[in-house]
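Chains as they are written, first to last, in our numbering: chain L, 1 to 412; chain H, 413 to 657.
This is how it looks when you write it as structure tokens:
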């Protein structure tokens with residue numbers, strides 16, 4: 001291979017060279033050449049900006065890096081800390097990860113992290129307690145798989161409401177259940193689902209036995225009429241949510257729009273986790289970050305055209321008392337079991353809580369109740385109360401993980 | 413020594429001081445950068461960025477040495493050295509935070525001195541003959557930049573090798589090899605990351621600029637190979653005399 005050289009055209013610049021004496025007249029050819037070179041330079045500069053955005057926002061490797069490592073290393077530790085590594089992968093509201101753990105030789109104490117609340121979106125901590133219940137379920141699955149027999153006590157200190165649970169354990173038989181195996185693969189599937197329905201026996205089997213979870217139940221919405229009724233309430237709740245500046249701003253404050261924010265916070269919803277097509281996701285990450293209003297419009301559009309339009313089935317977890325913390329924790333455990341079982345069965349699940357968020361917001365602000373009666377109408381005037389809801393179906397594309405704080409960051 | 417020579421030496425010394433300071437900044441970023449985030453830009457991976465800063469600063473040091481050590485220098489070498497000061501001087505503002513303010517400013521000043529340490533006509537001549545090739549190489553550097561942030565490893569490898577091939581392609585002699593390098597540098601990475609939009613765009617630009625520059629180079633070589641007349645000899649002799657006067 002030979003390298004080209006232009007020595008014949010390369011005068012030496014020594015100390016005695018004269019000043020520039022050339023005075024070339026402008027020809028059409030030289031002007032066109034100049035324009036061409038200038039355009040090429042601008043195009044290259046533009047592609048430089050493009051390349052930097054690709055580099056800076058991890059466009060070519062979405063859902064990877066330090067904030068996503070907990071999804072790959074949650075099985076590594078054979079002790080109780082490993083069970084905490086499984087717990088932090090649980091579903092939780094707006095990826096706030098509102099938990100803290102204290103690990104000792106025979107127990108894991110679980111606490112609510114009061115600094116990670118959402119007073120406008122979740123004023124009565126409904127979703128926070130459900131999320132803690134989800135983590136509790138993963139924690140017990142993680143302990144069992146590591147050869148510990150767990151025993152759960154909810155709210156062990158009535159005077160300390162942040163002390164959510166004590167999970168004591170003794171040596172037992174290590175059992176890796178299908179639910180445990182699914183922990184690392186569980187995602188919130190926010191993309192479109194295929195048109196295939198889900199057979200009722202599959203739905204019935206998803207929760208598994210729930211005798212250990214008193215006061216909670218699951219209600220499925222499978223018929224087109226039932227789904228249409230819930231869809232209209234979901235869309236209306238989304239509209240009301242984004243029209244409420246307090247809720248909209250609080251939700252937006254948790255959204256992590258670029259990799260620097262994700263690296264720094266390791267929490268919150270991200271573009272990667274929105275279930276977008278690869279091209280749309282790449283463009284969204286390359287282009288400047290969208291505003292809160294644009295993000296809200298996008299969410300409403302997705303709710304109409306993707307989330308509700310492609311839902312094969314809705315699920316609503318119902319309880320006897322929506323304000324009872326123990327019941328909420330049990331509901332969270334049930335929700336996590338359903339999500340893990342769905343994951344093991346190749347189904348996608350997305351949590352959709354805008355209705356209950358509006359119900360609590362109206363109650364907190366002293367507004368007239370709009371969504372509580374609407375949802376109760378859909379569920380039936382009498383009977384248990386709705387706590388959280390979700391949609392399910394067969395996802396058309398794989399979902400990417402959400403960032404997670406490391407175990408060391410949630411141990412106290 | 414005339415004004416151009418003095419500027420070249422000034423560029424060399426500034427580049428040397430800025431480059432050495434830059435290496436030290438890179439070392440600090442790589443070792444204790446995480447403990448002083450307010451000075452080092454609060455980076456997620458200070459070790460990798462520190463090493464990158466050291467590599468880029470070393471390029472500046474080499475460029476500065478080239479400016480200082482060579483008794484005579486062609487315009488192409490001088491501009492290459494200027495780029496060797498300006499590019500690291502600019503890029504490292506994003507790798508080393510506030511610690512880069514001083515070396516960055518020194519390198520940038522050195523780069524400007526290197527540019528003005530020669531005749532404008534010759535600078536223009538170099539730019540006109542090598543600009544498109546340089547742009548193609550710059551696109552190769554952009555491809556490497558994207559590749560190092562990609563995943564999985566096979567994508568990183570394809571992108572890095574492709575980017576390096578693209579950087580080299582315009583400067584390789586012959587006709588088949590540079591075109592092969594151009595294709596290796598653009599097509600595979602664009603294909604496996606087609607959904608990113610950015611890599612296909614870069615590939616199209618690189619192919620367009622690369623092929624155009626090859627055609628220009630071939631045309632120039634044909635002209636150079638044509639026997640020249642006595643009058644051309646006279647013109648060339650006059651030009652050389654003017655250069656040496």
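Here a beta-carbon is modelled for each residue, glycine too, at the ideal position from N, C-alpha and C.
Item                                                                                                                                                                          : Value
Using a beta-carbon distance below 8 Å, is residue 608 (chain H) in contact with chain A?                                                                                     : In the structure shown, chain A cannot be found, because the protein chains are L and H.
Between L:57, L:398, L:159, which lies nearest to residue 284 (chain L) when the distance is taken from Cα to Cα?                                                             : L:57
Does the distance from the CB of residue 625 (chain H) to the CB of residue 544 (chain H) come in under 8 Å?                                                                  : yes
With three or more beta-carbon pairs closer than 8 Å as the criterion, would you say the stretch 147–154 of chain L touches the stretch 162–179 of chain L?                   : yes
Give the range of the alpha helix (DSSP H) segment to which residue 231 (chain L) is assigned.                                                                                : 224–243
At a Cβ threshold of 8 Å, is residue 543 (chain H) touching chain L?                                                                                                          : yes
Report all residues from its chain with a CB closer than 7 Å to the CB of residue 383 (chain L); omit the five preceding and five following residues, and keep chain order.   : none
Using a Cβ-Cβ cut-off of 6 Å (strictly less than) and excluding sequence neighbours within five positions of residue 480 (chain H), which residues of its own chain qualify?  : 424
Residue 497 (chain H) and residue 40 (chain L): beta carbons closer than 8 Å?                                                                                                 : no
Spatial neighbours of residue 602 (chain H) within its chain, please: C-beta separation below 7 Å, excluding the five flanking residues on both sides.                        : 611, 612, 615
Quick check on residue 183 (chain L): buried or exposed, where buried means 16 or more other Cβ atoms within 10 Å of its Cβ?                                                  : buried
Please report the straight-line C-alpha distance between residue 174 (chain L) and residue 72 (chain L), rounded to a whole angstrom.                                         : 21 Å
Which residues in chain L have a C-beta closer than 8 Å to the C-beta of residue 563 (chain H)? List them in chain order.                                                     : 60, 61, 64
Per DSSP, what kind of secondary structure is residue 406 (chain L) in: helix, strand or coil?                                                                                : coil
Would residue 136 (chain L) and residue 333 (chain L) be called neighbours here (beta carbons separated by less than 8 Å)?                                                    : yes
Does the CB of residue 567 (chain H) have a neighbour CB from chain L at under 8 Å?                                                                                           : yes
Quick check: the stretch 280–296 of chain L against the stretch 87–101 of chain L, are there 3 or more CB pairs under 8 Å?                                                    : no
Pull out every residue of the stretch 581–605 of chain H whose Cβ sits closer than 8 Å to any Cβ of chain L, in chain order.                                                  : 583, 584, 585, 586, 589, 605
Output yes if chain L places a C-beta closer than 8 Å to the C-beta of residue 508 (chain H); else output no.                                                                 : no
Give me the chain H residues within the contact set of residue 47 (chain L), using Cβ-Cβ distance strictly less than 7 Å, ordered along the chain.                            : 551, 554, 613, 614, 617
To test your reading of the DSSP string, which unbroken alpha helix (DSSP H) runs of 4 or more residues are found completely within the stretch 491–542 of chain H?           : 513–527
Go to residue 88 (chain L), then tell me how far its alpha helix (DSSP H) extends in each direction, as first and last residue.                                               : Segment: none, residue 88 (chain L) is in no alpha helix (DSSP H) and carries neither H nor E.
How would you call residue 189 (chain L), buried or exposed, if buried means at least 16 neighbouring beta carbons within 10 angstroms?                                       : buried
From this set, L:300, L:260, L:203, L:204, which residue's C-alpha is nearest residue 242 (chain L)'s C-alpha?                                                                : L:300
Short of 7 Å Cβ to Cβ, which residues in the stretch 448–459 of chain H face chain L?                                                                                         : 456
Which same chain residues end up closer than 6 Å to residue 44 (chain L) when comparing Cβ atoms and leaving out the 5 residues on each side of it in sequence?               : none
Taking only beta carbons into account, state which residues of the stretch 78–108 of chain L come closer than 9 Å to chain H, listed in chain order.                          : none
Can residue 355 (chain L) and residue 305 (chain L) be called in contact, C-beta distance under 8 Å?                                                                          : no
Listing by chain order, which chain L residues have their CB less than 9 Å from the CB of residue 547 (chain H)?                                                              : 37, 40, 41, 43, 44
Determine, using beta-carbon pairs with one atom in the stretch 49–69 of chain L and one in the stretch 550–569 of chain H, whether at least three such pairs fall under 8 Å. : yes
Any idea if residue 523 (chain H) is buried or exposed, counting beta-carbon neighbours within 10 angstroms, 16 or more meaning buried?                                       : buried
How close, in whole Å, do the beta carbons of residue 222 (chain L) and residue 313 (chain L) come, if the pair is a contact with beta carbons under 8 Å?                     : 5 Å
Just list the residues that DSSP pairs residue 256 (chain L) with in beta bridges.                                                                                            : L:270
For residue 262 (chain L), which of helix, strand or coil comes out of DSSP?                                                                                                  : helix
Would the stretch 319–329 of chain L count as touching the stretch 261–271 of chain L if we require 3 or more Cβ pairs under 8 Å?                                             : no
Give the DSSP-derived three-state secondary structure of residue 652 (chain H) in the structure shown.                                                                        : Model confidence at residue 652 (chain H) stands at a pLDDT of 43, short of 50, so the residue's coordinates are unreliable and nothing is read from them.
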